[in-house]
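Novice: 0 is the number of the first residue of the sequence shown in numbering that gives the first Met the number 0; add one for each residue after it.
Okay, handing you the structure first.
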Amino acid sequence: MKILGFKKATELDKQNQTMQAALLCYYHYKTTDEQIFDMKGIQELFSDAGFNSINSSRVKKSLIEKKIMRIPKGLKTSLEFIPSVFQEYEQQYGVLWNDNETINSESELIDESKFCGKRNYLTRLIQQINHSYANNCYDAAAVLMRRLFEIMLILSYQNLGIDNEIKDKSGSGYIMLDGIVKNAINNNTLKLSRIKTEFDSFRKVGNFSAHNITYTAGIKDIDDIKLNYRAMLEELYNKAGLMEKEDK
0 MKILGFKKAT ELDKQNQTMQ AALLCYYHYK TTDEQIFDMK GIQELFSDAG FNSINSSRVK
60 KSLIEKKIMR IPKGLKTSLE FIPSVFQEYE QQYGVLWNDN ETINSESELI DESKFCGKRN
120 YLTRLIQQIN HSYANNCYDA AAVLMRRLFE IMLILSYQNL GIDNEIKDKS GSGYIMLDGI
180 VKNAINNNTL KLSRIKTEFD SFRKVGNFSA HNITYTAGIK DIDDIKLNYR AMLEELYNKA
240 GLMEKEDK
């Protein structure tokens, strides 16, 4: 759990300084296992979280008066949580460290404000792409980008009522992405713009990361295609009729 994710999950920006101090101390405990705090350290926590400096004396007094913290025996300049308060925080916020659902992402590669919120599975896929890119996992990002590209082509065909053109022989699934791209480039109903000339590059980057034994993607491999990739997404989102839709 990173500090930005914690701030968002606890709505830390909306809390008063006393609660901000208490929650930042709890975050510090969860990430360092330190249970004793001093005001200099709490000031640093505020700074690390992007907040302004605090009046240390006033915040310390408030933490004690509100019975959130107390002075440990023999440590007059320090603070510790009152056990009952600590247990409440563990029950309320401890689950954030056991969260298997939340994906921390901030539009690092794909604009989440534009492309998320249309279909739940697309939102999670985009968040995974952004998270992978932000954490230097470029092979993961490339494979997921290839998958999103394939999904958006299929959704576009479905929305236009022409997905039979890319069905496999069984009629229950779809042909490989290579075949879908070849059909899409020349499809008169789909009527793609010149961005279609970049389709093969989107496919190849993902293919290399997924299937080439010795290849590992780097940031340049993703950055070289990211502008065209975003343009492709916007066009296919429109073709799929998703630009005005909310999560389903």
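Cβ coordinates follow ideal geometry from the N, Cα and C atoms, glycine included.
Note that the structure is a prediction, hence the values are computed from the model and not measured.
Just mark V142 as buried or exposed, buried being the case when its beta carbon has 16 or more other beta carbons within 10 Å.
Specialist: Burial call: buried.
Novice: Quick one, are the C-beta atoms of L147 and L124 less than 8 Å apart?
Specialist: Result yes, Cβ atoms of L147 and L124 sit closer than 8 Å.
Novice: Here's a check: name, in chain order, each residue in its chain whose Cβ is nearer than 6 Å to the Cβ of M242, leaving out the five neighbours to either side.
Specialist: Hits under 6 Å: Y236.
Novice: At a cut-off of 7 Å, is E89 close to the ligand FMN when judged by its beta-carbon and the heavy atoms of the ligand?
Specialist: Only the bare structure without any ligand can be found here, which leaves the ligand FMN out of the picture.
Novice: Inspect the beta-carbon positions of S311 and I224 and report whether they are closer than 8 Å.
Specialist: A query on residue 311 cannot be resolved here, the shown segment of the chain reaching from 0 to 247 and no further.
Novice: By how many angstroms is the C-alpha of L95 removed from the C-alpha of S56?
Specialist: So the two alpha carbons sit approximately 30 Å from each other.
Novice: Do you know how far the Cα of L121 is from the Cα of L152?
Specialist: Answer to the nearest angstrom: the Cα atoms are 13 Å apart.
Novice: By Cβ distance, which residues of its chain are closer than 8 Å to V58, with the 5 residues on each side in sequence left out?
Specialist: Q16, T17, A20, M38 and I41, listed in sequence order.
Novice: When you compare each of I165, F114, Q157 and N129 to L232 by their alpha carbons, which one comes out closest?
Specialist: It is F114 whose Cα lies nearest to the Cα of L232.
Novice: What separation, rounded to the nearest whole angstrom, lies between the Cα atoms of I165 and E234?
Specialist: Taking the straight line from one Cα to the other gives about 19 Å.
Novice: Kindly indicate which residue of A230, L11 and C136 has the alpha-carbon position closest to the one of A216.
Specialist: Residue C136 is the option with its Cα nearest to A216.
Novice: Answer yes or no: does any C-beta atom of chain D fall closer than 8 Å to that of I161?
Specialist: This model lacks chain D altogether; it includes just one protein chain.
Novice: Kindly list the residues whose CB is nearer than 8 Å to the CB of I194, restricted to its own chain and excluding five residues on each side of it in sequence; keep chain order.
Specialist: Around I194: N227, A230, M231 and E234.
Novice: In the segment 50 to 120, which residue ranges form an unbroken alpha helix (DSSP H) of at least 4 residues, counting only runs that do not cross its ends?
Specialist: You should have 55 to 64, 82 to 92 and 111 to 114.
Novice: In whole angstroms, what separates the C-alpha of G240 from that of D47?
Specialist: Their Cα atoms are separated by approximately 42 Å.
Novice: Candidates N182, A209 and T188: which alpha carbon is nearest T196's?
Specialist: Taking only the C-alpha atoms, the option nearest T196 is N182.
Novice: Looking at the unbroken alpha helix (DSSP H) that takes in I2, where does it start and where does it end?
Specialist: I2 -> alpha helix (DSSP H) spans I2 to T9.
Novice: Thinking just about the alpha-carbon of each residue, which of N51, N163 and F85 is nearest to the one in L62?
Specialist: The residue with the shortest Cα to Cα distance from L62 is F85.
Novice: Shortest alpha-carbon distance to I81 belongs to which of S155, L74 and I70?
Specialist: Nearest of S155, L74 and I70 to I81, Cα basis: I70.
Novice: What do you get for T9, buried or exposed, if any count of 16 or more other CB atoms within 10 angstroms of its CB means buried?
Specialist: Buried is the call here.
Novice: Going by Cα to Cα distance, which pick from Y25, E43 and D222 is closest to Y88?
Specialist: Considering only alpha carbons, the answer is Y25.
Novice: Quick check on D199: does DSSP put it in helix, strand or coil?
Specialist: Reduced to three states, the DSSP call for D199 is helix.
Novice: Near S104, which residues of its chain fall below 6 Å by C-beta distance, leaving aside the five closest residues on each side in sequence?
Specialist: So the list reads Q126, N129 and H130, once near-sequence residues are dropped.
Novice: Check whether the Cβ atoms of S77 and I35 sit closer than 8 Å, and answer yes or no.
Specialist: Cβ atoms of S77 and I35: closer than 8 Å.
Novice: Who does F36 pair with in a DSSP beta bridge?
Specialist: L78, per the DSSP bridge assignment.
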